[in-house]
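Asker:
Listed below in structure tokens is the structure:
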């Protein structure tokens with residue numbers, strides 16, 4: 011695992027193409043692992059990461075936190091450290107920690123999934139205040155943008171992708187996207203993956219476009235429950251596709 015981490019942050023091709031913040035954060039986490047590896051087995055590998063002073067300083071601070079709490083931590087306290095480190099690296103917006111009982115209590119049958127869809131991709135009916143605020147900010151930003159041409163072009167891509175596909179197959183994809191979206195989609199995030207569409211890696215706007223189009227084509231009666239303000243974008247995408 012340590013070798014894989016080292017390769018992931020030092021390989022020339024990866025370094026050239028990886029987003030700088032992702033590379034920076036990954037290197038810091040891997041440096042923490044390298045420091046623990048040295049303490050456990052006496053094998054020094056930190057220098058192989060060619061870390062900057064900033065990366066090394068941050069990793070040392072994190073490992074210091076770990077050493078301070080490792081022998082006295084209470085059960086579950088490690089999750090607080092996970093969140094703290096993520097916040098200090100600016101990664102906390104990419105995930106959320108939920109109660110284990112809440113997670114294990116969730117069903118993934120179609121009825122439950124449809125119920126979650128009624129909450130919208132940002133959980134508009136949820137009691138989670140942060141998600142409500144995300145939904146409000148999203149709706150406001152889309153209103154300010156007007157017609158989102160990026161979404162239009164992604165919808166053209168979706169319409170072409172689904173053009174000759176049976177409705178039931180589109181519905182399966184629609185359900186999978188909805189299941190992925192139960193924790194919310196961020197328009198600015200990259201790297202969304204759908205098992206049913208393995209050849210594509212989606213950006214936030216791309217997955218939202220496929221989300222809208224798949225439900226529009228396969229489950230139109232439920233489309234309004236998605237709370238996606240893309241009606242104008244879809245109309246324009248249809249016109250562009252027909253040309």
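In our numbering, the protein residues as written are 11 to 253.
In this text, a Cβ means the ideal position worked out from N, Cα and C, and glycines have one as well.
At 4 residues or longer, what runs of the alpha helix (DSSP H) sit wholly inside the stretch 160-206?
Answerer: Those alpha helix (DSSP H) runs which fall completely within the stretch 160-206 and span 4+ residues are 177-190.
Asker: Could you tell me whether the stretch 169-186 touches the stretch 218-235, where touching means 3 or more Cβ pairs closer than 8 Å?
Answerer: With a cut-off of 8 Å, the stretch 218-235 and the stretch 169-186 count as touching, because enough Cβ pairs lie within range.
Asker: Pick from 170, 49, 87 and 166: whose alpha carbon is nearest that of residue 243?
Answerer: Taking only the C-alpha atoms, the option nearest residue 243 is 166.
Asker: Quick check: what's the CA-CA separation for residue 34 versus residue 65?
Answerer: When rounded, the distance between both Cα atoms is 7 Å.
Asker: For residue 95, which residues of its own chain have a beta-carbon under 7 Å away from its beta-carbon, when the five flanking residues on both sides are left out?
Answerer: So the list reads 72, once near-sequence residues are dropped.
Asker: How about residue 190 and residue 204: are their beta carbons less than 9 Å apart?
Answerer: Contact flag set, yes.
Asker: For residue 41, I'd like the list of residues in its chain whose CB is within less than 7 Å of its CB, leaving aside the five on either flank, ordered along the chain.
Answerer: Cβ neighbours of residue 41 beyond the five flanking positions: 56, 59, 61, 65, 66 and 69.
Asker: Per DSSP, what kind of secondary structure is residue 59 in: helix, strand or coil?
Answerer: Residue 59: helix per DSSP, three-state reduction.
Asker: How should residue 235 be labelled, buried or exposed, when 16 other C-beta atoms within 10 angstroms of its C-beta is the threshold for buried?
Answerer: So residue 235 ends up on the buried side.
Asker: For residue 168, tell me which candidate among 200, 88 and 210 has the shortest Cα-Cα distance.
Answerer: For residue 168, the nearest C-alpha among the options comes from 210.
Asker: Just curious, the alpha helix (DSSP H) that residue 109 is in, first and last residue?
Answerer: Per DSSP, residue 109 belongs to no alpha helix (DSSP H) and is neither H nor E.
Asker: Could you name the residues that DSSP lists as bridge partners for residue 212?
Answerer: According to DSSP, which records beta bridges pairwise, residue 212 is partnered with 202.
Asker: Quick one: does the C-beta of residue 220 sit closer than 8 Å to a heavy atom of the ligand FAD?
Answerer: For the structure depicted, the ligand FAD is absent and the ligand set is empty, with no information on it obtainable.
Asker: Just how far apart, CA to CA, sit residue 39 and residue 105?
Answerer: Computed Cα separation, rounded: 16 Å.
Asker: Can you tell me whether DSSP reads residue 92 as helix, strand or coil?
Answerer: Three-state result, residue 92: helix.
Asker: Using the C-alpha atoms, what's the distance from residue 12 back to residue 23?
Answerer: Going from the Cα of residue 23 to the Cα of residue 12 covers about 19 Å.
Asker: Residue 89: buried (16+ other C-beta within 10 angstroms of its C-beta) or exposed?
Answerer: Counting Cβ neighbours within 10 Å, residue 89 comes out exposed, since fewer than 16 surround it.
Asker: Give the secondary structure of residue 240 by DSSP, where H, G and I count as helix, E and B as strand, and everything else as coil.
Answerer: Residue 240: coil per DSSP, three-state reduction.
Asker: How many angstroms separate the CA atom of residue 100 from the CA atom of residue 174?
Answerer: Cα-Cα distance, rounded: 42 Å.
Asker: Does the separation of the CB atoms of residue 30 and residue 200 fall below 9 Å?
Answerer: Contact: no.
Asker: In or out: residue 51 buried (at least 16 other Cβ within 10 Å) or exposed?
Answerer: Under this definition residue 51 is an exposed residue.
Asker: Where residue 161 and residue 202 are concerned, what is the direct C-alpha to C-alpha distance, given to the nearest angstrom?
Answerer: Between residue 161 and residue 202, the C-alpha separation is close to 16 Å.
Asker: Going by DSSP in three states, residue 234 sits in which element: helix, strand or coil?
Answerer: Note: residue 234 maps to helix in three-state DSSP.
Asker: Go ahead and pull the three-state DSSP assignment for residue 53.
Answerer: Three-state result, residue 53: coil.
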